[in-house]
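Counting from 1, position 156 in the sequence shown corresponds to residue 187 in the working numbering; the numbering is continuous, with no gaps.
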Amino acid sequence: MTAADSEILLPDCPAVALSGRGIVRVTTDGEIESLDARAAGAGLRGDPPLLVNMPNVARRLGVASFPAYDLLELFAFARPATFCLPTADGLMRAVGLPGLGLPPDPSQLFKAAATLLHDLSLTPAAQRDRAAMLARAMADGGWPWAEPVLRALGVTAGRGRHRGLDAWTQVADFPDLAPMPPAGHAPVEPIEALDRLRQMLDAGAEDRPEQQQYAARAARAFAPRERIDEPHVVLAEAGTGTGKTLGYVAPASVWAEKNGGSVWLSTYTKNLQRQLDQELDRLYPDANRKAEKSVIRKGRENYLCLLNFQEAVQGGAARRADIVPLALMARWIEATRDGDLGGGDFA
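In structure tokens:
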């Protein structure tokens, strides 16, 4: 089959959504049932249902894990490194669809499945083979979504245990380059900081004199040093809502641009780091340019260890039950921007 031959294959199964202390289930005949936790637990032992977040559903109902068409797994495969709240309504919003409503209508989950499978049908040719290899490996691991995913990718099924799991081979190497020349010493004038601040703000942004004063005074930190190893220091404080982040990003970006140097913005928490990264979209609206100009750095304990992942795949740890989670992680490895397991884009 080719990409042009791909088609959407939705599972012929019940659909389930949590509701109060039980579930609402839509049968394959279109019948809607409201079941309490005890009845729901018994009803889930049949055909694998379509749902969102099977571990949470099992925990809420007090039952053991069970086979299911879990839309969170399909989302992780179709849109790796993309955030999604791990709830039914969160997933529906993530794919651009309305929530399930109250009481929930689980049949709407089929629309989300169709959207994600359609996304996969549009996979560029250069990425299609990698996705197909992983889907075949996941089929060996018993993944219910394997056949619909392979059909959407326009490829035939086949055995592929471990094929495609070698995500470490797809990560770009960091070249060992000569040290960069030292940065220049040109100062940042307050008027330059204010001009950059205005460039980063939206056209209709509120005029905030406190933010402008903050940016102008933060520029003093970038004055040329008068003595070796004695940089200028500015200790600045401002209230919540002042716009401090753009206030210091403005003069910092001007200095880096004028002097061909790098500025390190150190934060105390990863939440603040993520907020700062989002604000840098104002400085670099083009994603490709931002990737060239800004880099996220975290403590080493936050990152996925590719060696550990390789050992899990090759060292005998990849039992049949491990293939699906390892494949989803491999999909993320090839798409992640920062490789952070404790936040970032690891969903």
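Heads up, the beta-carbon is just placed ideally off N, CA and C, and yes, glycines get one too.
- Look at R56 here: in three-state DSSP terms it is strand.
- Of S152, L75, R124 and A203, the smallest CA-CA separation from L181 is found for S152.
- Collapsing the DSSP output to three states places V47 in a strand.
- In the DSSP assignment, the residues bridged to S65 are V55.
- By the Cβ-count criterion, W295 is exposed, with fewer than 16 other Cβ atoms from all chains shown falling within 10 Å of its own Cβ.
- The beta carbon of S293 sits closer than 7 Å to the beta carbons of A287 from its chain, once the five residues preceding and following it are set aside; these are given in chain order.
- In the DSSP secondary-structure assignment, Y245 is not bridged to any residue.
- Judged by DSSP in its simplified three-state form, D317 adopts coil rather than helix or strand.
- Cα atoms of L133 and L82: separation of roughly 16 Å, rounded to the nearest angstrom.
- The beta carbon of G172 sits closer than 6 Å to the beta carbons of R351, I354 and V355 from its chain, once the five residues preceding and following it are set aside; these are given in chain order.
- Excluding residues up to 5 positions away in sequence, Y245, R248 and A249 lie with their Cβ nearer than 7 Å to the Cβ of A267 in the same chain.
- Inclusion of A198 and I364 in the CB contact set at 7 Å is warranted, their separation being smaller than that value.
- For S152, the enclosing alpha helix (DSSP H) stretches over residues L140 to S152.
- Bounds of the alpha helix (DSSP H) holding K275 are K275 to N290.
- For D226, the enclosing alpha helix (DSSP H) covers residues P221 to M231.
- The beta-carbon separation of V94 and L75, rounded to 7 Å, stays under the 8 Å limit for a contact.
- Beyond the five residues adjoining it in sequence on each side, T367 comes within less than 6 Å, by CB distance, of A112 and D376 in the same chain, given in chain order.
- For M211, no alpha helix (DSSP H) run applies, since DSSP gives it neither H nor E.
- Per DSSP, Q341 is one residue of the alpha helix (DSSP H) stretching across L337 to Q345.
- A straight-line Cα-Cα distance of about 8 Å links D136 and R56.
- As the crow flies, the alpha-carbon of D160 is around 29 Å from that of R124.
- Annotated as distal: P98 and P45, with beta-carbon spacing of 7 Å or more.
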